[in-house]
Amino acid sequence: MNRDLKKEKQIAALEAVKYVRDHTIIGLGTGSTVYYAIEEIGQLIKQGLQIQAVPTSVSTQKLAESLGIPLIDINMVDKIDLTIDGADEFTEDLKLIKGGGGALLREKIVASMTIEEIIIADSSKKVETLGNFKLPIEVIPFASNYVKNQISQLGGLGNIRFIKDDIFITDEGNYIMDADFGLIKDPVTLSDQLNTIEGIVGHGLFINLTTKIIMGSNDSIISFEK
Ligand code: 5RP
């Protein structure tokens, strides 16, 4: 069956925006799915919605600014009421791989400050076991070879991300190492192991950060929550 993934992204995004409340702080994720949510929030702002938003990337910041969405510096807030973000893979028990767009570090910081983290996705993102999508890991350039070797000791193969001939540089000035661990049967342990490696500033395994996943499925939505 042919699935219209663009439509699935749109309906998931529109559903998530229903959770946006007046006078709240909203985290704005990054990517092609969140794009539709940000567009919709822009419409609601025109109709009088009052929120302040924390963007998770320079690209999201520019998009939000272009739509007249008021932004607030993340360091001016202690918590974020609701964040809407995307994912590259997710399992039904709310574990994610993120970072395909390279914004995982800011996304994880925003998620960590967020009370209600809603992930929106098309149905192609749902998997039984994480790991077909290579795990994005943000590393400081000085440590990249060391981190590659440490990843190898954990059974992974890491490669620095390139865009054409240039190394991809994150909004925080770091590299992304896309790491192939095969299917990740124990994401909690892998996450803990990666957290101990010097030079890794963030990785795309999001565990215990999500409160709800809204997935577009053909013309309807399916939600996953604890
Ligand atoms: C960016 C991300 C995105 O949320 C993820 O890549 C999903 O993007 P898209 O909605 O375009 O498929 O983690 O760092």
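The sequence shown begins at 8 in the working numbering and counts up one residue at a time. Note that the Cβ used here is the ideal one computed from N, Cα and C, for glycine as well. These figures come from a predicted structure and were not determined experimentally.
When the options are compared against residue i, the one with the closest alpha-carbon
i	options	result
Ala94	Leu78, Tyr26, Ser131 and Ala150	Ser131
Met4	Gly162, Ile158, Glu99 and Phe231	Look at the range of the chain in this structure, 8 to 233, and you will see that residue 4 is not part of it.
Val41	Ile58, Lys16 and Ser230	Lys16
Ser39	Lys155, Gly209, Ile174 and Ala128	Ala128
Asn181	Ile32, Leu74, Lys53 and His210	His210
Ile33	Ser198, Ile191, Asp80 and Ile214	Asp80
Lys53	Glu72, Thr67 and Ser66	Glu72
Ser198	Leu212, Asp187, Ile204 and Ala186	Leu212
Lys192	Val134, His30, Asp88 and Phe231	Val134
Gln200	Leu12, Gly162 and Lys13	Gly162
Ile174	Ile147, Asp226, Thr196 and Lys233	Ile147
Ile125	Leu70, Asn156 and Glu232	Glu232
Thr218	Ala23, Asp11, Thr31 and Gln160	Ala23
Met230	Asn152, Asn156, Lys14 and Glu99	In the sequence as displayed, the identity of residue 230 is Ser instead of Met. When only C-alpha atoms are compared, the closest one is Glu99.
Check: residue i C-beta below 7 Å from any heavy atom of the ligand 5RP
i	result
Lys105	yes
Ser39	yes
Leu111	yes
Glu205	no
Glu114	yes
Gly180	no
Gly75	no
Asp185	no
Asp92	yes
Gly34	no
Ser172	Correcting the residue type first, residue 172 is Asp in the shown sequence and not Ser. Because no heavy atom of the ligand 5RP lies under 7 Å away, the Cβ of Asp172 does not count as near it: no.
Gly108	yes
Asp95	yes
Distance between beta carbons of residue j and residue i, contact taken as under 8 Å
i	j	result
Gly36	Thr90	6 Å
Asp85	Thr63	So it is not a contact: roughly 17 Å between Cβ atoms.
Glu145	Val208	5 Å
Ala150	Gly206	2 Å
Glu123	Tyr26	7 Å
Test item: CB-CB of residue i and residue j under 8 Å
i	j	result
Ala60	Leu216	no
Ala19	Gly189	no
Phe234	Ile220	What the structure shows of the chain is the stretch from 8 to 233, and residue 234 is not part of that stretch, so it cannot be assessed.
Ile104	Leu78	no
Pro194	Ile176	no
Leu111	Pro143	yes
Leu74	Ile45	yes
Leu56	Asp29	yes
Val154	Ile204	yes
Val65	Asp178	yes
Arg10	Asn225	yes
For the 8 Å Cβ check, are there 3 or more pairs between the stretch 38 to 51 and the stretch 161 to 172? no
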